[in-house]
Amino acid sequence: MFLPCTREEMTDLGWQTLDVILVTGDAYIDSPFIGVAVIGKLLMRHGFRVGIIAQPDHRSARDITRLGEPSLFWGITGGSIDSMVANRTASGRPRKTDDYTPGGRNTRRPDRAVIVYANLIRRYFKNTVPLVLGGIEASLRRIAHYDAWENRVRRPVLFDAKADYLLYGMAEQSVIELAQALATGRSPSAIHGLCYSAPAPIPTALELPSYEEAAADKQAFIRMFRTFYDNSDPLTALPLVQRHNNRYLVHNPPQPPLTTEELDAIHSLEFEREAHPSHRREGKVRALDTIRFALTTHRGCYGECHFCAITVHQGRIVQNRSIKSIVQEAKTLTAHPKFRGVITDIGGPTANMYGFECTRKLSRGACSDKRCLYPSICRSLKINHEPLIDLLQQLRAVPGIKKVAVASGIRYDMILEDERSGLAYLREVIRHHISGQMKIAPEHCDPGVLTAMGKSGPDDLLRFRTLFNRLTREEELNQFLTYYLIAAHPGCSLEDMKRLRVFCQRELHLLPRQIQLFTPTPGTWSTLMYWTETNPFTNAPCFVEKSESGREQQKAAIIRADRRPAQSPSPAGQQRKKRKP
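Numbering (the numbering used here), first residue to last: -11 to 569.
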């Protein structure tokens, strides 16, 4: 069933009022990939009456008032993507399309959506129940942060939205605890994964440089972010506070990672895997093409690439579902009337981090002096692709499933490191789980740029490319690699991009078209470098190309001037041959 979006749907459920109303910048898609749907269904499982207002008109009372006022709290999210990223290109130009809006036209999601929606609620519901911010937009903006669109440091979004609470991370456990506390009249101030405003700091907390100090002094900004990042591990983090004029942001430690059983329980919730019927007259929601028949195996990522916000949002601890749960969900997909036999993706933030973790990290927290994969893979991380091979084989055996695609990115350095099962996993993927191409993300080839990115050098890429081509040839398949690259990352110059072009021509024998301009979004080391023009790990100056023309020149250094195909087949085979059984 869908969560109610109208009074009529509330009446059908026998509800006169709601406990919680969730407001989102996306269309309402009832899917395990959509946070607002997961949170709503989970609250309902715990006995709360929940409704959703999707993409409300922020210029009138028409939408925001249609479900009345909740008895416990309003939950506000910008949607599945930060609203500024959804609405602006890397060059700052308005985006014309939005895959999470019916009809695909980018006309429904306001800039800084969580602030706009909070103001909208306050305008029509004076002295209402608490406003609670959540989702990735709130999560990445939960402390003072650099905003590239205004080119300045902004206050935590909790203050700018004048909200009561902010839940960061994936927040399933936090939101249940919050709802239960509000329902029983208890203070929620001790809930992990929660931020709130207070008149004074709490005695046990580490104090970050104040907003005023971080905004005025880039070295203070670096100290602030380092302390914040170092306290993002749920096993070791301390409470944080940050002064903003005469108020304090209180930032509680993260929630513990979900157990396999808890993650399985979330994915056992029933979802329609469709957009709410009210959206049908407005047009297709294109995001459904990607997520309707995809499966999540895990969450979290220990890659810690400097330009990626997953660590700050989902965490460094990989949380795995059981094979039984994933296979059961796959069986559910086969009963969907639109299912045609293809699972469009199986994975997580990184496809091949499923089924294992560092035992030290699970018992004592992430290391403070080293990382799991960079600059080299830690020996304490026993990479093992065998659980993933087992999962893929079981999924292929499910009646009604013709193809299981691995569309999520794959860490090729982890395949090379796994001497026991890495080769078998790669052969499995090549033989059964890609359709002509595999996505990998070397990002660059220059050692200095890769160091700024927190990525390994090109040697692993070339070793993997040789291995991929050999296995493809042995399988008698005509398949190739797709490379994702980043231009204008801090530390990258036009000359670096020209060297990357030569590398692609000489070593990869093609010029990739998947070139992404670096976008400085809150919550990453790379954005810190962009703002401060300093490498925070060495405190040395860091070149940053900030002009629009210079950034576009870096991207143009790779893209072909002609219109020939961007990719070429692997040398493994120039003729398409029949796939082995």
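Idealized CB from N, CA, C, for every residue including glycine. Note that the structure is predicted; figures quoted are calculated from it, not measured.
- Assigned with DSSP and collapsed to three states, His477 falls in coil, not helix or strand.
- Using a C-beta cut-off of 8 Å, the region 73 to 85 makes no contact with the region 47 to 61, since fewer than three inter-stretch Cβ pairs fall below that distance.
- DSSP, read as helix, strand or coil, puts Ile377 in helix.
- Sequence-distant partners of Pro375 (beyond 5 residues in either direction) whose C-beta falls short of 6 Å from its own C-beta, in its chain, are Gly343.
- Classified as buried, Met72 has 16 or more neighbouring CB atoms from the shown chains inside 10 Å of its CB.
- Exposure of Gln425 is indicated by the presence of fewer than 16 other C-beta atoms within 10 angstroms of its C-beta.
- Only exposed fits Arg458, as fewer than 16 other CB atoms lie within 10 angstroms of its CB.
- The beta-carbon separation of Arg130 and Leu154, rounded to 6 Å, stays under the 8 Å limit for a contact.
- Less than 9 Å separates the beta-carbon of Trp137 from that of Asp99.
- Judged by pairs of C-beta atoms under 8 Å, the region 203 to 211 touches the region 517 to 533, as three or more such pairs exist.
- The beta carbons of Asn240 and Ile164 sit about 15 Å from each other, so the pair does not count as a contact at 8 Å.
- Annotation: Leu473 to Gly353 spans about 32 Å, alpha carbon to alpha carbon.
- At a Cβ-Cβ threshold of 9 Å, Ala339 and Ile377 do not count as neighbours.
- Inside the region 365 to 438, DSSP marks whole alpha helix (DSSP H) runs of 4 or more residues at positions 374 to 384, 400 to 405 and 410 to 416, from first to last along the chain.
- DSSP places Glu345 in the coil class of the three-state scheme, outside both helix and strand.
- Look at the region 109 to 175 and you find these whole runs of beta strand (DSSP E), each 3 residues long or longer: 119 to 122, 133 to 135, 140 to 142 and 153 to 155.
- In the structure shown, Ile311 adopts helical secondary structure according to DSSP, grouped into three states.
- For the pair His34 and Gln243, the CB atoms are not nearer than the 9 Å cut-off.
- Taken through DSSP and simplified to helix, strand or coil, Gln316 comes out as helix.
- Taking the Cβ atoms as the reference, Val394 lies roughly 6 Å from Ile334, within the contact range of under 8 Å.
- The three-state secondary structure of Val238, taken from DSSP, is strand.
- Per DSSP, reduced to three states, the secondary structure at Val102 is helical.
- Look at the region 264 to 303 and you find these whole runs of beta strand (DSSP E), each 3 residues long or longer: 282 to 284.
- Judged by DSSP secondary structure, Thr460 falls within the alpha helix (DSSP H) whose first and last residues are Pro446 to Glu462.
- Pairing Lys326 with Arg280 gives a Cβ-Cβ distance under 9 Å.
- Considered as a whole, the region 52 to 106 harbours 61 to 65 as its complete beta strand (DSSP E) runs of no fewer than 3 residues, in chain order.
- Counting along the chain, His497 sits inside no beta strand (DSSP E), nor does DSSP assign it H or E at all.
- Measuring C-alpha to C-alpha distances from Asp218 to each of Asp148, Cys296 and Ser356 identifies Ser356 as the nearest.
- For Thr248, same chain residues with a beta-carbon under 7 Å away, outside a window of 5 residues either side, are Asn308, Arg309 and Ser310 in chain order.
- A check of alpha carbon separations from Gln381 across Asp0, Arg261 and Ala318 identifies Ala318 as the nearest.
- In the three-state scheme derived from DSSP, where H, G and I count as helix and E and B as strand, Ala15 is classed as coil.
- Under the three-state reduction of DSSP output, Gln207 falls in the helix class.
- If the five residues before and after Thr85 are omitted, its C-beta is found closer than 6 Å to the C-beta atoms of Gly92 and Asn94, all from its own chain and listed in chain order.
- A residue is called buried once 16 or more other Cβ atoms fall within 10 Å of its Cβ, and Asp70 is buried on that count.
- In chain order, Pro478, Gly479, Met517, Tyr518 and Glu521 place their CB closer than 8 Å to the CB of Val532, counting only its own chain and leaving out the 5 sequence neighbours on each side.
- Sequence-distant partners of Thr470 (beyond 5 residues in either direction) whose C-beta falls short of 6 Å from its own C-beta, in its chain, are Gln425 and Lys427.
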